[in-house]
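From first to last, the protein sequence lines are chains A and B.
Quick note: the first sequence, position 110, residue 110 per the numbering used here, numbers continuous.
Quick note: the second sequence, position 147, residue 147 per the numbering used here, numbers continuous.
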Amino acid sequence: MPVPDPDDLATLGLAPGATLGDVHRAWERILRTWSPDSLATYGLLEEEERSEILERLTAAHRRVLAAFGTTPTEPAAEPWEPGDGLHIVLEPDSDHEPGPFLRHLRTSRGLELRAIEKITRIRPALLAALEEGDASRLPEPVFVRGFVIAYAQALGLPDPEDLARTYLEWLETRSG
Amino acid sequence: MLDHERTLPSIWAVGGGKGGVGKSVIATNLAVALARNGLRTALVDTDFGGGNLHTLLGVRAPRWTLGDFLARNVENLSDTMGTTDVENLFLVSGARTVLDAANLKHSQKQKVLRHIRRLPTEVVLLDLGAGSSFNVLDFFVAADLGLMVSVPEHTSVENAYHFLKAAYYRRLGRSPHTSPYRDLFSELLRNRTAHGIRTPRDLVRVAADRSPEVRDAVQAGLAGFRPVIVVNQTELPSDRELPEQMAGAIREYFGIDVTASVSIPADRLLVRSVRSRSPAVELFPGAPFSQAVGTLASTLIRLREASRAGA
Numbered sequence: 001m002p003v004p005d006p007d008d009l010a011t012l013g014l015a016p017g018a019t020l021g022d023v024h025r026a027w028e029r030i031l032r033t034w035s036p037d038s039l040a041t042y043g044l045l046e047e048e049e050r051s052e053i054l055e056r057l058t059a060a061h062r063r064v065l066a067a068f069g070t071t072p073t074e075p076a077a078e079p080w081e082p083g084d085g086l087h088i089v090l091e092p093d094s095d096h097e098p099g100p101f102l103r104h105l106r107t108s109r110g111l112e113l114r115a116i117e118k119i120t121r122i123r124p125a126l127l128a129a130l131e132e133g134d135a136s137r138l139p140e141p142v143f144v145r146g147f148v149i150a151y152a153q154a155l156g157l158p159d160p161e162d163l164a165r166t167y168l169e170w171l172e173t174r175s176g
Numbered sequence: 001m002l003d004h005e006r007t008l009p010s011i012w013a014v015g016g017g018k019g020g021v022g023k024s025v026i027a028t029n030l031a032v033a034l035a036r037n038g039l040r041t042a043l044v045d046t047d048f049g050g051g052n053l054h055t056l057l058g059v060r061a062p063r064w065t066l067g068d069f070l071a072r073n074v075e076n077l078s079d080t081m082g083t084t085d086v087e088n089l090f091l092v093s094g095a096r097t098v099l100d101a102a103n104l105k106h107s108q109k110q111k112v113l114r115h116i117r118r119l120p121t122e123v124v125l126l127d128l129g130a131g132s133s134f135n136v137l138d139f140f141v142a143a144d145l146g147l148m149v150s151v152p153e154h155t156s157v158e159n160a161y162h163f164l165k166a167a168y169y170r171r172l173g174r175s176p177h178t179s180p181y182r183d184l185f186s187e188l189l190r191n192r193t194a195h196g197i198r199t200p201r202d203l204v205r206v207a208a209d210r211s212p213e214v215r216d217a218v219q220a221g222l223a224g225f226r227p228v229i230v231v232n233q234t235e236l237p238s239d240r241e242l243p244e245q246m247a248g249a250i251r252e253y254f255g256i257d258v259t260a261s262v263s264i265p266a267d268r269l270l271v272r273s274v275r276s277r278s279p280a281v282e283l284f285p286g287a288p289f290s291q292a293v294g295t296l297a298s299t300l301i302r303l304r305e306a307s308r309a310g311a
């Protein structure tokens with residue numbers, strides 16, 4: 001089995017000799033660090049930079065996992081604490097696919113994309129791509145998941161995790 | 001002892017942009033912990049004007065202050081070193097320094113730094129003022145090691161990064177290694193969009209593409225610029241992970257490693273310590289805050305010994 005590249009390990013904040021468990025823990029921390037609502041990167045960068053850095057980290061993560069003879073899996077669900085946003089019980093259904101559903105909720109409250117940007121710090125162009133479900137303008141699924149959760153939280157949705165799952169399935173059917 | 005007969009002190013600076021994050025309390029307690037570990041330590045209050053470290057230490061304001069040194073009332077900075085109740089701990093007070101820090105001339109700053117490097121101690125701990133003014137930055141950048149203190153709040157983290165960005169560019173701009181390339185850096189930063197420069201790391205990469213000499217100069221200029229990330233007043237599990245997350249963010253964004261990332265827990269006993277004008281590490285040595293500061297002191301001492309052994 002090939003040994004992980006020390007530079008890739010360093011990119012993930014790991015030293016040579018790190019175990020697969022270390023890699024998983026480091027990756028979970030990286031996802032928390034670079035999620036759009038992260039405190040650890042607040043005021044540091046624009047969404048474009050965030051996407052670029054995430055791509056670099058994702059590539060390093062894939063190569064390290066490949067060296068261990070495995071592939072990325074969906075990150076474990078994180079506990080969601082309800083914010084103080086308005087709670088509603090609408091759910092995406094056949095009339096409302098997840099992307100248009102987000103847009104519907106937003107516009108029905110008279111909110112511009114800029115307003116969502118202010119809360120989530122996600123660029124309006126990226127928010128629009130999320131609403132349209134345009135995979136060509138969206139990053140890796142793990143990051144789309146983070147963006148959808150942030151967007152859903154901003155709207156005060158009761159179960160952002162669940163919406164993110166539905167969303168990713170929907171995105172897959174569209175691009176597939 | 002003559003200057004050249006003893007080793008020069010390690011200079012450690014405590015800064016971090018925002019006021020009210022506990023810089024002075026951490027600097028004071030860290031200084032006490034270092035002294036209690038047997039290191040001759042000078043705590044220097046460079047918060048010109050607002051200095052009140054003597055109050056945190058519970059000692060009278062020393063007879064002479066940094067202001068007296070700047071006003072040439074005393075010849076040497078070491079003349080202003082006052083003793084404290086803690087063995088091995090000395091205080092250079094910034095109290096009653098009427099000079100506005102913003103008005104500190106370059107020559108005065110250089111003089112203070114020169115004297116700081118010659119203080120007859122093993123460690124000099126600088127308590128920097130708030131903000132990212134050139135004075136604060138220059139002390140942070142000149143130090144052997146910079147501790148960047150923040151709290152788990154958006155405003156504080158934002159200020160900390162602003163501070164670090166400013167210190168990073170200051171370090172690159174002020175380094176003798178990079179001075180032949182100052183015009184190049186100015187040009188790159190002026191046209192950063194055209195050059196695809198978004199992060200400090202991009203700047204270094206683009207500069208390196210220009211020539212191997214530029215790359216080497218940049219690397220030499222940044223050598224040893226490895227701050228310690230301190231997050232104070234942590235309460236939640238996510239707070240405690242924050243320093244490590246910030247270290248990862250700094251590695252990606254700036255392309256630099258941090259020396260250590262440290263979480264210091266919020267501690268109600270601290271209020272009592274400040275009110276009774278006695279450092280927490282003395283008054284409540286078993287408290288979580290004191291334990292965390294003690295660990296930080298041990299880490300710094302170990303690093304110092306390792307770097308001395310390697311030097």
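The beta-carbon is built from N, C-alpha and C at its ideal position, and this holds for glycine as well.
Residue(s) in a DSSP beta bridge with residue i
| i | result |
| --- | --- |
| residue 231/B | 150/B, 263/B |
| residue 42/B | 90/B, 124/B |
| residue 256/B | Note: residue 256/B sits in no beta bridge, so no partner. |
| residue 82/B | 91/B |
| residue 131/B | 17/B |
| residue 12/B | 125/B, 145/B |
Closest residue to residue i among the options (Cα-Cα distance)
| i | options | result |
| --- | --- | --- |
| residue 229/B | 183/B, 247/B, 290/B, 302/B | 247/B |
| residue 38/A | 239/B, 171/B, 112/B, 136/B | 239/B |
| residue 113/B | 70/B, 303/B, 287/B, 277/B | 70/B |
| residue 256/B | 165/B, 150/B, 21/B, 7/B | 165/B |
| residue 117/B | 170/B, 310/B, 42/B | 42/B |
| residue 126/B | 299/B, 267/B, 146/B | 146/B |
| residue 68/B | 58/B, 59/B, 81/B, 60/B | 81/B |
| residue 249/B | 201/B, 280/B, 193/B | 201/B |
| residue 17/B | 157/B, 9/B, 237/B | 157/B |
| residue 119/A | 48/A, 139/A, 134/A, 147/A | 147/A |
| residue 263/B | 149/B, 11/B, 274/B, 286/B | 149/B |
| residue 51/A | 174/A, 34/A, 65/A, 67/A | 34/A |
| residue 24/A | 2/A, 110/A, 68/A | 68/A |
| residue 307/B | 277/B, 175/B, 144/B | 144/B |
| residue 83/B | 72/B, 75/B, 58/B | 58/B |
| residue 170/A | 116/A, 138/A, 113/A, 99/A | 99/A |
| residue 188/B | 87/B, 54/B, 163/B, 214/B | 214/B |
| residue 12/B | 36/B, 310/B, 20/B, 138/B | 138/B |
| residue 27/B | 109/B, 128/B, 233/B, 75/B | 128/B |
| residue 295/B | 37/B, 115/B, 120/B | 37/B |
| residue 130/B | 9/B, 19/B, 7/B, 259/B | 19/B |
| residue 245/B | 235/B, 261/B, 234/B, 233/B | 261/B |
With 16 other Cβ atoms within 10 Å as the buried cut-off, status of residue i
| i | result |
| --- | --- |
| residue 17/A | exposed |
| residue 191/B | exposed |
| residue 93/B | buried |
| residue 154/B | exposed |
| residue 34/B | buried |
| residue 223/B | exposed |
| residue 305/B | exposed |
| residue 11/A | buried |
| residue 89/A | For residue 89/A, the predicted structure reports a pLDDT of 43, less than 50, and the residue's modelled location is therefore unreliable. A value from the coordinates is still provided. It counts as exposed. |
Cβ shell of residue i (< 7 Å), same chain only, five flanking positions each side left out
| i | result |
| --- | --- |
| residue 79/B | 64 |
| residue 177/B | 217, 220, 221 |
| residue 103/A | 131 |
| residue 113/A | 124, 127, 128 |
| residue 71/A | 65 |
| residue 175/A | 135 |
Other residues of its chain near residue i: CB distance less than 6 Å, five sequence neighbours each side excluded
| i | result |
| --- | --- |
| residue 107/B | none |
| residue 149/A | 160, 164 |
| residue 242/B | 152, 231 |
| residue 253/B | 199 |
| residue 39/B | 122, 123 |
| residue 293/B | 29, 30, 33, 281 |
| residue 154/A | 116, 119, 120 |
| residue 167/A | 98, 148 |
Proximal residues to residue i (C-beta, below 8 Å), its chain only, five neighbours per side dropped
| i | result |
| --- | --- |
| residue 45/A | 53 |
| residue 173/B | 182, 185 |
| residue 66/B | 44, 45, 46, 48, 51, 77, 80, 92, 93, 94, 97, 112 |
| residue 13/A | 26, 29, 30 |
For this session: Compile a chain-ordered list of the residues in the region 128 to 158 of chain A whose CB is closer than 9 Å to at least one CB of chain B.
Result: From the region 128 to 158 of chain A, no residue has a Cβ closer than 9 Å to chain B.
For this session: Quick one: which residues of the region 103 to 126 of chain A get their C-beta closer than 9 Å to a C-beta of chain B? List them in chain order.
Result: Under the 9 Å Cβ criterion, the region 103 to 126 of chain A contributes no residue.
Exercise. In chain order, what residues of the region 17 to 43 of chain A put their CB closer than 8 Å to some CB of chain B?
Worked result: Of all residues in the region 17 to 43 of chain A, only 29, 30, 32, 33, 34, 38, 39, 40, 41, 42, 43 place a beta-carbon less than 8 Å from a beta-carbon of chain B.
For this session: Taking a Cβ distance cut-off of 8 Å, strictly less, list which residues of the region 236 to 250 of chain B are near chain D, in chain order.
Result: Absent here is chain D; the protein component of the structure consists of chains A and B.
Exercise. What are the residues of the region 44 to 55 of chain A that lie near chain B, defined by any Cβ-Cβ distance shorter than 9 Å?
Worked result: Those would be 44, 45, 46, 48, 49, 52, 53, in chain order.
For this session: Scan the region 127 to 154 of chain B for residues whose Cβ lies nearer than 9 Å to a Cβ of chain A and list them as they occur along the chain.
Result: For the region 127 to 154 of chain B, which is checked against every Cβ of chain A, the residues closer than 9 Å are 152, 153, 154.
For this session: For the region 4 to 17 of chain A, enumerate the residues whose C-beta is nearer than 9 Å to any C-beta of chain B, in chain order.
Result: The residues in question are 10, 11, 12, 13.
Exercise. What are the residues of the region 181 to 208 of chain B that lie near chain A, defined by any Cβ-Cβ distance shorter than 7 Å?
Worked result: Against chain A - using a Cβ distance shorter than 7 Å - the residues of the region 181 to 208 of chain B are 198, 199.
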